[in-house]
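So for the sequence shown, the numbering used here puts the first residue at 1281; every next one is plus one.
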Amino acid sequence: MDMSINLCGVTLKNPVIAASGTFGYGREYAEFFPISRLGAVSCKGTTLRPREGNDPPRIYETAAGMLNSVGLQNPGLEVFIRDHLPWMKAQGAVVVANIAGFSVAEYAEIAERLSDTAADIIELNISCPNVAHGGAAFGTSCASAGQVTKAVRDKCTKPLMVKLSPNVTAIGDIAAATEAAGADAVSLINTITGMRINYLTRRPMLANNVGGLSGPAVLPVAIRMVNEVWRRVSIPVVGMGGITTWSDAAEMMIAGAAAVQVGTATFADPFAMLKIIEGLEQFAVEQRLSSISELTGTLEVSD
């Protein structure tokens, strides 16, 4: 069984990628298994300068997932390039460098500097607020999503994957705008905005009031959006959002995903991604596929 896939010209040994923000740089998980066994690792979102993130509490467990408002805590671009990226590459990992910025210029500068490094793919997180235009997220309009994608594309020599926000009315339109602006792939979905309240204090559970909902609760939304985007674009789609088991991953690929990212599931089970890889391989053998990529986009819908 050929479990490898080609993502934007980069060969992954399997279609399972550690999702950004849930795996750090792989150092902690490397105590459990070699991170080279994964298809790729999407690193913690990297900003131009170090960020301490939001005030605590910033994590709240829900019945079928979790709310997080970490706030892009990270050591900044210089430390990532100097310390974390070389370590990840030394482990044999395919590295997806997830980047975040608060202006078009910041995004472009980060991408340009990463173009001269060993990072394999750049993942553009456009769920960040555009501070120059009232704080609305870059990914919530076709115009702003296209603008930041083009600016990064002009400076970036690496394959460029744009991570889309689900907090929009027509995600297919946003995906099409990023493709037109030069994206090589799209990944989706990022977290869905949510809130929980302490009914005794009548205060939100998170210090930031709202957070991003991830985990099994969002899987049906993610599958629908992945299929919607797959039908709109000709570039690869990487699906994520609530994947916990190999069958979840299989559903996502059938909906149109060339690869999948797994995040929240690894908090409960550090070996979740290895189990998903093994399950997908066994399923592909049972289905008599010659390659796991044959699963992508095989959804049959009613007229």
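The beta-carbon is built from N, C-alpha and C at its ideal position, and this holds for glycine as well.
Just so we're clear, the structure is a prediction, and the values are computed from it rather than from any experiment.
Hey, would you say residue i sits closer than 8 Å to residue j, going by beta carbons?
i, j, result
"G1491", "N1286", "no"
"A1399", "K1435", "no"
"L1404", "V1442", "yes"
"V1321", "I1339", "no"
"F1551", "W1526", "no"
"C1288", "A1377", "no"
"A1456", "V1501", "no"
"V1517", "V1509", "yes"
"L1480", "F1313", "no"
"T1420", "I1361", "no"
"T1576", "G1536", "yes"
"K1430", "S1395", "no"
"N1489", "N1334", "no"
"A1497", "A1344", "yes"
"G1521", "I1557", "no"
"L1440", "I1451", "no"
"T1458", "A1417", "no"
"M1532", "V1565", "no"
Could you check if residue i is buried or exposed, using at least 16 other CB atoms within 10 Å of its CB as the buried criterion?
i, result
"V1634", "Past the edges of the chain, shown from 1281 to 1583, lies residue 1634, and the structure says nothing about it."
"Q1567", "exposed"
"F1303", "buried"
"E1597", "Since the first residue shown for the chain is 1281 and the last is 1583, residue 1597 is missing from the structure and cannot be characterised."
"P1336", "exposed"
"A1463", "buried"
"N1478", "exposed"
"R1483", "exposed"
"A1538", "buried"
"S1300", "buried"
"G1372", "exposed"
"T1291", "exposed"
"V1374", "buried"
"V1448", "buried"
"A1370", "exposed"
"A1545", "buried"
"A1423", "exposed"
"V1432", "buried"
If I'm right that residue i touches residue j with Cβ under 8 Å, what's the distance once you round it to whole angstroms?
i, j, result
"I1523", "L1499", "7 Å"
"T1327", "A1380", "5 Å"
"S1494", "M1346", "6 Å"
"A1530", "L1579", "With a Cβ gap of about 11 Å, A1530 and L1579 do not count as contacting."
"I1406", "V1428", "6 Å"
"P1295", "I1572", "6 Å"
"R1331", "G1351", "7 Å"
By the DSSP assignment, the beta strand (DSSP E) with residue i in it spans what residues?
i, result
"L1499", "Here L1499 belongs to no beta strand (DSSP E); instead the alpha helix (DSSP H) covers 1499-1510."
"L1468", "1465-1468"
"E1403", "1401-1405"
"G1325", "Neither: G1325 is in no beta strand (DSSP E) and is coded neither H nor E."
"I1472", "1472-1474"
"L1287", "1285-1287"
Could you give the first and the last residue of the continuous alpha helix (DSSP H) run that contains residue i?
i, result
"A1384", "For the record, residue 1384 in the displayed sequence is Val; it is not Ala. Start and end: 1384-1394."
Does any residue of chain C bring its CB to less than 8 Å from the CB of residue i?
i, result
"N1507", "You won't find chain C in this structure, because it holds only one protein chain."
(request) May I have a chain-ordered list of the alpha helix (DSSP H) segments no shorter than 4 residues that lie completely inside the segment 1416-1455? (result) Qualifying alpha helix (DSSP H) stretches, in chain order: 1422-1435.
(message) Could you tell me which whole alpha helix (DSSP H) segments of length 4 or greater appear in the segment 1293-1321?
(response) Listed in chain order, nothing qualifies, since the segment 1293-1321 has no complete alpha helix (DSSP H) run of 4 or more residues.
(request) Write down every uninterrupted run of the beta strand (DSSP E) in the segment 1480-1563 whose length is 3 residues or greater and which is fully enclosed by it, in chain order. (result) Every beta strand (DSSP E) of 3 residues or more that sits fully in the segment 1480-1563 is shown, in chain order, as 1491-1494, 1517-1520, 1539-1542.
(request) Go through the segment 1328-1381 residue by residue and report every complete run of the alpha helix (DSSP H) that reaches 4 residues or more, in order. (result) 1365-1370, all fully within the segment 1328-1381.
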